[in-house]
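Note sheet for the following structure.
Protein chains in written order, with the UniProt record's numbering: chain A, 1 to 615; chain B, 1 to 615.
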């Protein structure tokens with residue numbers, strides 16, 4: 001268990017009454033310990049004073065956690081509950097709980113032979129409770145690598161609360177096993193100090209965000225439905241059959257419509273830690289359900305929302321990850337594409353894209369001359385530091401990557417060639433780092449705003465038509481509003497993305513609050529069926545205040561904060577990249593009878609002979 | 001807007017820079033007001049001190065809310081944003097925001113004619129911003145019914161941020177309209193002071209619960225999946241088709257399995273404000289999705305969880321609803337059924353069920369003599385105070401109710417006759433109250449624990465077999481454990497319900513943590529397919545700590561707290577009793593092409609000719 005978690009969780013606790021041990025596996029009502037009284041908690045109790053120091057022993061059988069014992073406890077009788085991590089020579093047991101490890105000394109006296117036998121016979125990962133006295137370790141035997149290493153507990157009584165079967169692997173080794181095995185036995189994986197740290201840090205950061213939004217700034221936590229109507233173009237929305245024949249709910253990708261309707265309803269400032277759903281098939285490091293910090297405000301502009309979010313990140317940022325500097329730098333979409341070839345630049349290293357046309361204007365290199373001879377022809381480059389580390393094979397791979405990218409990057413209109421250079425830049429960084437070149441500081445947290453996105457993009461597959469760059473509710477940039485009717489493709493938006501170390505961790509916008517403008521965008525520009533959004537248009541026409549908001553991708557933010565390589569490491573029960581729960585084996589077959597309640601039946605893919613009934 | 005909300009939301013605010021007004025409907029980036037600096041918010045900032053006093057004006061165009069202005073603001077220049085609630089004689093406008101109402105005085109000078117015209121022309125419910133000076137109302141014109149009634153704002157500049165169409169009804173009248181209309185225009189209904197109060201109180205109470213659990217007692221807020229595997233007997237679970245042919249996720253009714261697995265994973269103390277799903281068709285005052293405060297702890301017994309919850313309720317209880325007394329009274333299931341004929345007694349009034357067999361032992365009334373002549377025959381009664389209020393028609397109705405109930409109450413084994421009396425008791429109370437008899441105190445909050453439920457009940461429809469009274473993971477009562485193998489139908493459980501004024505608002509239990517006992521219950525007693533719960537059985541066999549928990553029904557708790565007659569009044573976007581969203585018209589048709597992604601097709605009910613394609 002990391003020292004960081006220790007610092008976060010360990011603190012001084014009150015005194016507790018000891019309790020007698022006489023447990024049996026069915027009876028759990030014999031705990032005579034008194035829970036701490038709450039009488040002194042008046043409404044004005046200074047929460048912040050205890051926030052970093054919650055009472056982890058209230059209401060339970062133990063008097064202390066394993067990880068909190070120190071030399072100051074020497075002489076105290078303590079009761080601990082935990083898992084048998086390790087046993088040596090019938091002399092001691094290392095007991096583990098979520099808070100850490102403690103060494104338990106077994107009794108060697110003849111009179112305690114039975115107690116000793118019990119503790120020597122139990123399997124690893126069994127759950128026991130022990131009562132004993134905290135003593136100093138003999139001189140010279142302190143373990144400086146263990147935060148409880150100065151002391152040990154001489155056991156007086158103990159009981160096995162539950163025995164564990166012989167596990168197919170040691171819990172502490174699970175982290176090195178395949179991810180599929182870890183997910184199959186997630187309840188064992190969760191015992192690791194790393195996952196305990198990740199989930200507890202996540203809980204702590206979200207709580208701080210709530211304090212900032214709710215207690216400091218008067219936001220209202222409003223829960224919005226997840227059984228909703230299919231949105232236009234909502235191809236990635238899961239459907240949920242209802243008992244009305246042929247009618248389906250959808251699981252929405254975000255509470256976008258609801259949060260705007262809350263603003264129309266005068267809620268003024270809304271937030272929600274919102275569960276969202278997106279069916280993306282098998283995309284790497286995505287989850288079919290994910291969580292976003294969802295925020296919306298009335299009477300606000302883009303700069304204010306950015307300031308709100310900077311304050312939110314600063315307020316919830318874990319101390320042990322260092323300080324972050326406000327305000328976050330901001331660049332435009334055009335600058336990002338121009339200098340980094342991507343709309344979420346990793347600014348932890350340079351290697352920016354540079355125009356070198358003039359350098360090569362008179363060079364006698366045919367392919368450069370050809371390029372520069374074309375109308376608007378340019379030559380751009382990235383300069384790779386320590387390029388000598390790139391071997392011939394690396395260069396060949398990069399050349400191959402470049403070729404592929406040049407033909408694929410048309411989505412990042414109007415910067416297709418730069419997008420290819422942007423990919424090369426990241427690939428070069430990865431190759432160089434694999435060869436030991438220090439390029440990106442893995443302890444740095446480079447937050448960055450990207451602003452002034454285009455409002456519309458040419459439709460993929462049909463570039464004559466336009467589609468929303470983000471969503472149809474985004475307001476146009478005020479400086480470009482005059483172009484809406486004549487050249488909508490040139491209009492920038494009031495959308496903003498928050499980027500951390502090259503990852504998009506949030507995005508939002510000022511919304512359209514004018515019904516006529518919204519109708520124009522939907523019907524004339526996007527050629528959408530406005531009937532599906534009639535309720536929203538009616539709402540905008542009923543006194544909608546100017547409003548805007550943002551959503552932060554919580555899973556990604558936490559993963560980057562703790563340095564996890566996947567969001568699966570910050571989710572208690574993640575699904576595999578194919579969307580399966582490997583522990584319970586979901587999704588699973590459902591009988592035709594059960595489906596008939598919902599008036600649906602399974603239609604087999606052509607040629608499939610699989611039996612889909614629950615046999 | 002109620003005085004209570006005022007007290008909760010209004011407080012002293014900091015000073016703000018004024019800002020110039022020059023708004024247009026697309027441009028919202030011209031706000032020059034500086035958001036409050038957050039520099040002074042160190043990690044030790046005393047949150048509690050500001051909790052009741054959040055800054056409602058940070059980051060936005062206004063300097064003050066409409067509802068917060070008082071005589072102390074006289075002479076200040078303020079900028080307000082809000083909705084036009086009312087206009088009279090081209091003299092003043094009443095402006096409304098979520099925080100209250102304020103009177104705006106229109107300029108009467110010739111030089112301000114244009115400003116006056118704008119404000120006189122706009123429709124009600126339009127959104128405006130005004131800048132002006134707070135002045136005292138002329139002597140004798142203060143309005144004591146308005147918390148801002150001593151003052152008014154003389155407008156200097158104003159702008160229409162968005163105009164409203166003429167609404168089909170006045171917003172303030174909506175509350176008197178049909179519920180269907182209110183739900184169709186939910187975004188207007190949300191502007192009512194009652195719904196604003198309900199949603200804000202809900203947010204505040206949940207935040208207090210989080211502080212108690214997370215900050216005071218070290219609970220970890222863990223999010224669990226809602227796309228999960230179908231549970232045995234999960235007939236009320238919505239299904240979600242996946243991209244794997246014939247395979248479905250389920251939306252679980254609670255995170256029960258996950259919270260137990262978290263305990264096996266050593267999380268120690270878990271909570272979540274959990275979204276749950278239950279497809280109950282058209283039950284009154286139920287919602288297809290609902291929210292529970294979900295809690296689980298390791299190394300705990302029943303009494304400790306009850307104490308934890310009592311502390312939680314006390315800590316989060318809104319001041320304006322009076323104090324509640326701890327500990328909550330507790331009665332057994334047998335006592336509840338015996339005295340009240342129901343397992344969730346409303347203890348705000350008497351009329352308990354009494355055994356009057358002895359009184360009638362020698363009475364010459366044939367039906368009584370027949371009853372007492374049978375083996376174990378008894379005569380029970382309820383004594384109705386002020387029974388003279390019951391007219392002949394009332395008595396006939398009660399007699400009819402009794403007849404029906406006697407044949408329906410077999411589910412409440414082993415107290416079928418008392419259940420009928422329990423219904424009569426509640427019906428009598430309703431009749432008496434409708435005639436003006438004061439019986440139940442509508443300002444009283446009678447919390448009550450009901451304990452010692454039976455572990456199993458005879459299966460409905462097949463009373464030879466047993467089913468779980470609550471769920472198969474509930475641990476038996478230690479005193480009855482010896483009966484598990486011989487007479488399981490006699491075993492009481494370690495289940496407990498929390499009841500408020502006759503409504504169940506929570507339930508929980510100590511869980512089975514022993515794999516063999518769990519296997520015995522599932523396979524031998526309940527005859528379930530253990531294969532579906534193999535992961536849970538394996539987890540219990542891998543070092544599961546003793547554990548237990550509880551879930552509180554948040555919607556119901558908040559509804560009872562605010563005195564709402566339906567949970568729909570404490571949910572921002574509720575569904576109708578048929579599960580429809582009347583605003584967006586969900587659920588809706590989905591095209592066969594979209595369904596083909598999920599390998600399903602609609603099967604029409606026999607005889608139906610309805611076209612189910614999206615036409």
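Just so you know, even glycine gets a beta-carbon here, dropped at the ideal spot from N, CA and C.
Per-residue DSSP class, three states only, for residue i
i              : result
residue 302(A) : helix
residue 185(B) : coil
residue 595(B) : helix
residue 200(A) : helix
residue 132(A) : strand
residue 226(A) : coil
residue 458(A) : strand
residue 316(B) : helix
residue 434(B) : helix
residue 120(A) : helix
residue 31(B)  : Confidence at residue 31(B) is low in this model, with a pLDDT of 35, below 50, so the placement of that residue is unreliable and no value is reported for it.
residue 65(A)  : coil
residue 111(B) : helix
residue 85(B)  : strand
residue 354(B) : strand
residue 205(A) : helix
Contact check, residue i vs residue j, beta carbons under 9 Å
i              : j              : result
residue 94(A)  : residue 105(A) : no
residue 129(A) : residue 66(A)  : no
residue 349(B) : residue 439(B) : yes
residue 122(B) : residue 70(B)  : no
residue 330(A) : residue 251(A) : no
residue 115(B) : residue 157(B) : yes
residue 590(A) : residue 248(B) : yes
residue 222(A) : residue 267(A) : yes
residue 472(A) : residue 484(A) : no
residue 133(B) : residue 154(B) : yes
residue 586(A) : residue 398(B) : no
residue 125(B) : residue 91(B)  : no
residue 294(B) : residue 551(B) : yes
For residue j and residue i, the rounded distance between their alpha carbons
i              : j              : result
residue 246(A) : residue 265(B) : 42 Å
residue 628(A) : residue 288(A) : In this structure chain A extends from 1 to 615, so residue 628(A) is not present and cannot be described.
residue 36(B)  : residue 308(A) : Its pLDDT being 35, under 50, residue 36(B) is placed unreliably by the model, and the measurement read from it follows with that caveat. Cα to Cα, the separation comes out at about 10 Å.
residue 149(B) : residue 68(B)  : 11 Å
residue 620(B) : residue 231(B) : The structure shown has nothing for residue 620(B), since chain B only spans 1 to 615.
residue 368(B) : residue 444(B) : 38 Å
residue 56(B)  : residue 181(A) : 49 Å
residue 185(A) : residue 327(A) : 43 Å
residue 235(B) : residue 594(A) : 8 Å
residue 467(A) : residue 298(A) : 26 Å
residue 351(A) : residue 359(A) : 18 Å
residue 431(B) : residue 390(B) : 8 Å
residue 597(A) : residue 602(B) : 11 Å
residue 507(B) : residue 275(A) : 25 Å
Inter-stretch contact (C-beta, 8 Å, three-pair minimum) for the region 331-345 of chain B and the region 501-510 of chain B: yes
The region 200-218 of chain B touching the region 575-586 of chain B, judged by at least three CB pairs closer than 8 Å: No: the two stretches stay apart, fewer than three of their Cβ pairs being nearer than 8 Å.
In chain order, each beta strand (DSSP E) run of at least 3 residues that lies wholly inside the region 541-598 of chain A: Segments of the beta strand (DSSP E) lying fully in the region 541-598 of chain A: 547-553.
Stretch-stretch touch, CB-based, cutoff 8 Å, three pairs: the region 189-203 of chain A with the region 535-553 of chain A: no
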